[in-house]
Every structure is written in C-alpha cells, then in structure tokens.
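See structure below.
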Amino acid sequence: MRKSLFIIAVLLVLGFQKQETGNDYSTNEVLKYLQANTDEGYCIMKAFLEKKIDKNRKINGEKYTNSEYLELFLKNAESTLDSISGVGTLIHETIHGMNKQDFFYYNYFINCNRTIKVKHTSTFKSRKLVEIIPDSCKTIRFDLYIDVKGNYVTQHYGIYGLLDEFLAYYKGVKAEYDFKSTINDSIYFAGIVTSEMQAYYEFKYYIISYLIYAEDNHSRKFNRIMNNNEFKEVFEYVDKNFSILVNKFIDDGGTISWKDKDNYHFIIKTLQTSQYQEMYHRILLNE
C-alpha cells in the first residue's frame, strides 16, 4: 500500500508533473526549509536521504530520485500552505520508507537516534475487522486501511501494519503542527491538520479492535502479540506522544469533529467503554 499511497499523495496533494519550472531549488535548500520550521521533520528527511532507503521511483510515468522528489516538492508548491501540506505527506511517507521489514522483524523508526526491532509474529488481515466495526465507526480511513482489497501493509502485516500507519500519521502531523509558530491560518489548521489529528483515534481504535477480535477468534496469535513487549513499547510511544499533540491542538482551539462527520465521536465513545479500556491497559507496557 505504501507505493500506491505515495503515488496518490504526490499526485493529489502536490499535483505535479516532471517538468522544467524555472525555479532552482536544491535538495539542500529543501532541507534548510525543513530545518527552519520542523527540527524533527528535518532530521527524519536527512536520515532518509543519507541512508538512501529508496531507489528511483516512477510517479505518473516519470522516474524520480529522492533528491528530485524533494526539489519538486518546493518547485511545485504554489504557496506556503501547499508546502506545509506537502511536508506532512513527505514525512508520513518517509517514515514508511524508514520502517523496514524482514522475515523476522518489523523495524520502527522512532527518531533519528532510535529504531525499535519488533518481532514479527503471526497475524491475520485487518480486513477481518469488518465483522465487528459498526457503521457508526466507519470513517474515510476505514475504507483505506481496513476494508481494502489487495495485500497492502495493513493486510499483509495485520496489526504491525496498523502500527506502522499509526506512527507515520503521528510523525506527519507533528511536522505540520510544528509550522504553527510560523503561520496563523485557521482554515488550514481546521482542514488538513484536523483530519490528520483524527487519525489518532482511528488507529488506536483499529489496533484495540484487532486485539479484541484476535482474543475471540485467534487466541494463539493474540497471545504472541500480547507477549511481544517491543510491540507494546512502540504502541505506547505513539499513543502517548500523539495524545499529547492532539490535546495541545484542542487546547489551542482546534476541534476533532467536522460537521456531518460525527463518526469520530462514536469512535471516541467506543474507546471509552470498559471493553476497550480494559484491552488498552493490557497493552501498555508499564502497567
């Protein structure tokens, strides 16, 4: 799903074609732009380029190196807001590139000084959750990550793929929110940032739902996940830090709900039920 999401994100959010623009942005200038606005985003992107995680990728029929992609990110940004929106996409997709899997481990990129190796235990496709997620809790990301066809990361790696997305959404929106000190645009923060903040509740809900379903239907797989302390460590890191960011956003006047999108209220209420609270505390490493 990473490749397709990357392509969709670039085409829809950045909306560019490979062409001459007359602007002369170097990769170094892009990094300076990130460094001036988001220290962590800068560090993540710098590590991504230095480690050369990805080779040339084809987007809309054209091949791009990592450096070319970064250059085009600024070349094709029509305004500062477009650039900030692109930053969130850049960091989100970069985290996917840094989170590497092998036969035994899922390696989660926590920060520039730390990667947590999580043993990859047996899982089942996240699509199984369609059986227990009610219509009231189905948001746009339900179709993207749960009820989706194909062998994407949330299907092939199950709960470990959901955790990958949870981490990527946190890092992406954190980079966007870092720009708050340099921009005061209520429309932007009520739109792009609000949508990304909502992902905190969605993926926490998906991960706990996965465990509830697993305990009832796949006890052996459930026990192996629950005995995986590194998995719990990554979940607790994302949950804690994403929660802090969401609460800061709300304290600053942001809102999680949009008109006609009350599904998020149902998800939040579900997370507060005894069943979900009990499972949540069972996966906290320090409880």
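So for the sequence shown, my numbering puts the first residue at 6; every next one is plus one. Where a beta carbon is used, it is the ideal one built from N, C-alpha and C, also for glycine.
Go ahead and pull the three-state DSSP assignment for residue i.
i, result
"I121", "strand"
"Y113", "strand"
"Y175", "helix"
"T99", "helix"
"D256", "helix"
"V92", "helix"
"Q280", "helix"
"Y38", "helix"
"Y285", "helix"
"N291", "coil"
"I151", "helix"
"N156", "coil"
"I164", "helix"
"I145", "helix"
"I273", "helix"
"K130", "coil"
"D169", "helix"
"D183", "helix"
"I49", "helix"
"D140", "helix"
"D5", "A query on residue 5 cannot be resolved here, the shown segment of the chain reaching from 6 to 292 and no further."
"N268", "helix"
"Y30", "Reliability fails at Y30, whose pLDDT of 47 lies under 50, so the model's placement of it is uncertain and the value that follows must be treated cautiously. Three-state DSSP puts Y30 in coil, outside helix and strand."
How many whole angstroms separate the CB atoms of residue i and residue j, which I take to be in contact at a CB cut-off of 8 Å?
i, j, result
"S294", "I138", "A question about residue 294 goes unanswered here, because the residues of the chain that appear run from 6 up to 292."
"K209", "L276", "6 Å"
"I217", "Q160", "About 18 Å separates the two Cβ atoms, so there is no contact after all."
"E207", "R146", "5 Å"
"G46", "I96", "5 Å"
"F171", "M103", "Their Cβ separation, rounded to whole angstroms, is 15 Å, which puts F171 and M103 out of contact at 8 Å."
"Y182", "V198", "6 Å"
"V243", "M202", "About 14 Å; that fails the 8 Å criterion."
"Y111", "H125", "5 Å"
"T43", "F227", "Rounded, the Cβ-Cβ distance is 38 Å, inconsistent with contact."
Take residue i as the anchor and find which of the options has the nearest alpha-carbon.
i, options, result
"G155", "Q106, E170, K130 and R146", "K130"
"V92", "H125, T120 and K37", "K37"
"V123", "F236, S248 and I273", "F236"
"F298", "R229, L290 and S141", "Nothing can be reported for residue 298, as the shown portion of the chain is limited to 6 through 292."
"Y285", "H223, F254, R229 and Y211", "Y211"
"E238", "M50, D107, Y165 and D221", "Y165"
"N268", "A204, I230, Y110 and L39", "A204"
"N232", "N118, A219, I288 and Q40", "I288"
"C48", "R119, N112, K105 and F108", "R119"
"K176", "N116, F109 and I121", "N116"
"K253", "I273, K179, N234 and D169", "K179"
"F109", "E220, L290, S127 and S224", "S127"
"V135", "I273, V153 and I121", "V153"
"F240", "F227, T43, T94 and D169", "D169"
"K245", "H223, L290, I230 and K274", "L290"
"T99", "R225, E220 and K51", "K51"
"A173", "G258, T94, A219 and T278", "T94"
Going by DSSP, what residues sit across from residue i in a beta bridge?
i, result
"Q106", "Y111"
Check whether the Cβ of residue i lies closer than 8 Å to any Cβ atom in chain B.
i, result
"A173", "The structure shown contains no chain B; it is built from a single protein chain."
Q.
What ranges does the beta strand (DSSP E) occupy inside the region 198-254, keeping only unbroken runs of at least 3 residues that lie completely in it?
A. none
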